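Chains E and A, in that order, give the protein sequences. The first sequence: position 20 = 20 (the numbering used here), numbered continuously. The second sequence: position 39 = 1039 (the numbering used here), numbered continuously.
There are 2 protein chains.
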Amino acid sequence: MNSPRWLDPDEQRAWRAYLRMQGRLTARLNRELQAGSGLSLADYEVLVHLTDRADGRLRPFELERGLQWEQSRLSHHLTRMQRRGLVRREECAEDGRGAFVVISEQGRRAIAAAAPGHVETVRRLFFDGLTRDQVAALERLAADVLARLDDDTPGPDLS
Amino acid sequence: MNSPRWLDPDEQRAWRAYLRMQGRLTARLNRELQAGSGLSLADYEVLVHLTDRADGRLRPFELERGLQWEQSRLSHHLTRMQRRGLVRREECAEDGRGAFVVISEQGRRAIAAAAPGHVETVRRLFFDGLTRDQVAALERLAADVLARLDDDTPGPDLS
């Protein structure tokens, strides 16, 4: 490898601040969500993806892609959510493409109960401290990075 | 609870874009780091925290605070890293405050070998697509959110 292009001091500060914000924000959101609703942030994200679909069902590979989790993590997590009655699996014998993951009535009630408090926390910890310009700049930055991730030659597993 | 202050469409788009960027970027960085060095992003973060100290050692609670991981996750992860020879634990009998986590020679070699490739990936996927203004705005946004997290009344576990 050629000599690495290290981050300059501005980039280094921005990157560390981003990582630190992300870590602390995620930990705090998870803790407040758990305390208020019994759902983890991971449960919540799975349920959000399922409720984005009119019929509340997705194939595991669609969830994997949407959540960007490793397959084994997703599989273990869904098993635990199934045991708690938040989702169920439905076999789909006719086309041989395997099961659907389906949100249960209990899962729908759980996310409906959790959402107001969670959104309030997101607002309090994040949006209330930012200007409209900062919010617009964040959306733009995230879109730019996502476009770059789309363009970049994928690694061996074609994600 | 009062009626929730839902996110408006601008905030909703920004929040979803942020979550999506964060999820995809973390997944990709983890995959490329693993493929290039055998370290996971979690291993890397632990080793970065330890190498930030001149003597390469931290108490578990300091690592827990720095990483913002749950105590059980940290404990399991350190056990696995210890088995792989990346860190070791040192008892500290004299003051009764428990063990230190210490980076090993092998851990130092592992992060020194991984860092150039990882930084190159961060640059390629993140900084190369952003302007200096975007980088400065990100640092400011992260600092604003971190200040808010510091000010906010902590939850029951005093994090």
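All residues carry an ideal CB built from backbone N, CA and C; glycine is no exception. From a predicted model like this one, the values you see are computed outputs, not experimental measurements.
- Against chain A, the beta carbon of V102/E has no neighbour under 7 Å; the closest one sits roughly 22 Å away.
- One Cα belongs to L1033/A, the other to D55/E, and the distance between them is close to 38 Å.
- In this structure, the alpha-carbon of S40/E lies about 42 Å from that of S3/E.
- L1025/A belongs to the set of residues whose beta carbon lies under 8 Å from a beta carbon in chain E.
- Three or more beta-carbon pairs separated by less than 8 Å link the region 115–123 of chain E to the region 1003–1016 of chain A, which places the two stretches in contact.
- About 4 Å separates the Cβ atoms of R148/E and G1129/A, confirming a contact at the 8 Å cut-off.
- About 4 Å separates the beta carbon of M21/E from that of A1142/A, a gap short enough to meet the 8 Å contact definition.
- Annotation: D1008/A to F126/E spans about 14 Å, alpha carbon to alpha carbon.
- Within chain A, no C-beta atom comes nearer than 8 Å to that of G38/E; the closest sits roughly 15 Å away.
- The residue from H1077/A, D1052/A, E1139/A with its alpha-carbon nearest to that of Q12/E is E1139/A.
- Contact annotation: in the region 114–136 of chain E, residues whose CB is within less than 8 Å of a CB in chain A are A115, P116, G117, V119, E120, V122, R123, R124, L125, F126, F127, D128, G129, L130, R132, Q134, V135, A136.
- Excluding five sequence positions before and after R89/E, the CB atoms of its chain that fall closer than 8 Å to its own CB belong to L78, Q82, A99, F100, V101, V102, given in chain order.
- Membership of R1089/A in the beta strand (DSSP E) is indicated by the continuous run 1087–1090.
- Looking at the DSSP output, R1057/A bridges to V1102/A.
- Counting every other CB atom within 10 Å of its CB across the protein chains shown gives A35/E a total below 16, marking it as exposed.
- Here D43/E is buried. Its C-beta has 16 or more other C-beta atoms within 10 Å.
- Listed in chain order, the alpha helix (DSSP H) elements of length 4 or more contained wholly in the region 112–152 of chain E are 132–151.
- Per DSSP, the unbroken alpha helix (DSSP H) holding D43/E starts and ends at 41–51.
- If you draw a straight line from the Cα of D150/E to the Cα of L67/E, it comes to about 15 Å.
- Within the model, the alpha-carbon separation for E64/E versus V48/E is close to 13 Å.
- D8/E sits in coil when the DSSP states are folded into three classes, being neither helix nor strand.
- Using a Cβ-Cβ cut-off of 8 Å, R1005/A counts as an interface residue toward chain E, since at least one Cβ of chain E sits closer than that to its own.
- For V87/E, no CB of chain A lies under 8 Å from its own CB, so it is not counted at the interface with that chain.
- Nearest C-alpha to R1084/A among E1120/A, Q1106/A, L1074/A: Q1106/A.
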